Every structure is written in C-alpha cells, then in structure tokens.
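Asker: Residue numbers (this note's numbering): 8 to 201.
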Amino acid sequence: MLKTAAGVFAERGFHGASMRDIAARLGVRQAAIYYYFPSKTAILEAICREGITAFVERLGAIYAAPLPIEEKLTRAIRAHLEPLLEQRFYVHAFLYQRRELPKSVRRPLDAQAHAYEALWRTMIEEGQRGGEIARDLDPQLATLAILGMCNTVARWSRPAAEFGLDRVAGEFARLVARGLFGGTPARAGGRGRA
C-alpha cells in the first residue's frame, strides 16, 4: 500500500493526490485504506518514516564495520543509491513531499535526516584524522555534495535504473574517491589506489 501511495504522490504531488486515487491504483475501496491510515498525511508520514529509518540503519551498519574509510564510503554510496534506484518513489516522497507534513510530524523525521548526515560527516572527519582524506575539505560540504549528487538520481529524466545500480554506484564512488582521496575507490579485498 505504501509503495503504491508513494508512486501516486510522486506523480501528482501530495496535494494533487487523493485517497480515492490511491484506492483506485490499489484496486480497493477507500474504506480499506482508512482501515489502516486515518488520512493521506498519515500515509505520507509512514512512507517517510520507513524510508529514513532504512537509510540510517544501513549506514550505521557500514559505519560500524571494521573497514578502511575508503571502502566504507564506497559502500555507503552504494547503500544510499540502492533505494533511490529500486524504491525511488519512497525516496521522492521523503525528499520532496515531507515538507507537506505538519511540523510536529516532520520534526522527528528531520532529526533522523540530520543524524544520517552527521554519520556521513563523521566518516569523512575520521578519514581526515587518519590522513586518508584531505584535511582542507569541509566535512559538512563534502557530505552535502555526496548526498546531493546521489539524491539527484531520483529526478533524472532517464531512470537511473536503466544504467544499473553497479554502474551508477561505481561511477559515483570513483568521482568521490578522486575528489576526496585523489585515487580510485577501494575494491573488495584491496585498496585500489591509482
């Protein structure tokens, strides 16, 4: 139900979509949706909460892994891109529709998004302290640049899925590695410097 609703929101916008539209897409009566969600706002909240929670959990696992920072960032880019390619309507709802939620609902979602960004920034700072990442880079700007680059795939006119996750993640990781490390991204089992 949430995936379908996220698709309707992506196509019509939050205000342009109705419970009737979602029910029609699902092939059910509106009453069936109201059984699970009291409002369209509650559906959007559930979509956003599910999406950001998954992002935070995946990144947390990568951060905790005993890997070189280059490999962590390469894996983190892939983990960030995967839902953008495979569940793009969820991500689209979180990135572009969550502002339609009341502030009281949006606040905890925004806090999770800030925690997610902070974890990226922490990885970059650790790489700087370890001498692997250039110390003259602003970790916050580097974080925002990486996430901005990745998030744009949700709005590409040609669906990023046509390129494939491995290709997009690999190219993005190379762009980041050359910018942060001056080399190529780590490969499983090796450090892949150019």
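Every residue gets a Cβ at the ideal spot worked out from N, C-alpha and C, and that includes glycine.
Nothing here was measured: the structure is a model prediction, and the numbers come from that model.
Just confirm the distance between the C-beta atoms of Tyr70 and Leu126, as a whole number of angstroms; I'd bet it's less than 8 Å.
Answerer: The Cβ separation is near 6 Å, so the contact holds.
Asker: Should Ile59 and Phe21 be called a contact, given that it needs their Cβ atoms to be closer than 8 Å?
Answerer: No, they are not a contact pair.
Asker: Apply the 10 Å Cβ neighbour rule to Thr159 and answer buried if 16 or more other Cβ atoms are within range, or exposed otherwise.
Answerer: That one is exposed.
Asker: Taking the alpha-carbon positions, what's the Cys55 to Ser111 distance?
Answerer: Each residue's Cα considered, the two are about 14 Å apart.
Asker: Name the residue from Phe170, Arg95, Glu124 whose alpha carbon lies nearest to the alpha carbon of Leu148.
Answerer: Ranking Phe170, Arg95, Glu124 by Cα distance to Leu148 puts Glu124 first.
Asker: With respect to the alpha helix (DSSP H) encompassing Trp127, which residues constitute its N-terminal and C-terminal limits?
Answerer: Per DSSP, Trp127 belongs to the alpha helix (DSSP H) from 110 to 136.
Asker: Who are the near neighbours of Pro90 in its chain, counting only those whose CB is closer than 6 Å to its CB and skipping five residues on each side?
Answerer: The answer, listed in chain order, is Val98.
Asker: With DSSP collapsed to three states, give me the class of Val15.
Answerer: In this structure, Val15 counts as helix in the three-state DSSP scheme.
Asker: By Cβ distance, which residues of its chain are closer than 7 Å to Arg259, with the 5 residues on each side in sequence left out?
Answerer: Lying outside 8 to 201, the shown extent of the chain, residue 259 is not represented and no answer is given.
Asker: If we ignore side chains and look at the alpha-carbon of each, how far apart do Arg19 and Gln104 end up?
Answerer: Answer to the nearest angstrom: the Cα atoms are 11 Å apart.
Asker: In the structure shown, what three-state DSSP assignment does Phe96 receive?
Answerer: Phe96 falls in the helix class under three-state DSSP.
Asker: Closest to Glu43 by C-alpha separation, out of Met8, Leu33, Gly14, Met156, would be which residue?
Answerer: One point to set straight first is that residue 43 is Tyr, not Glu, in the sequence displayed. Tyr43 has its Cα closest to that of Met8, out of Met8, Leu33, Gly14, Met156.
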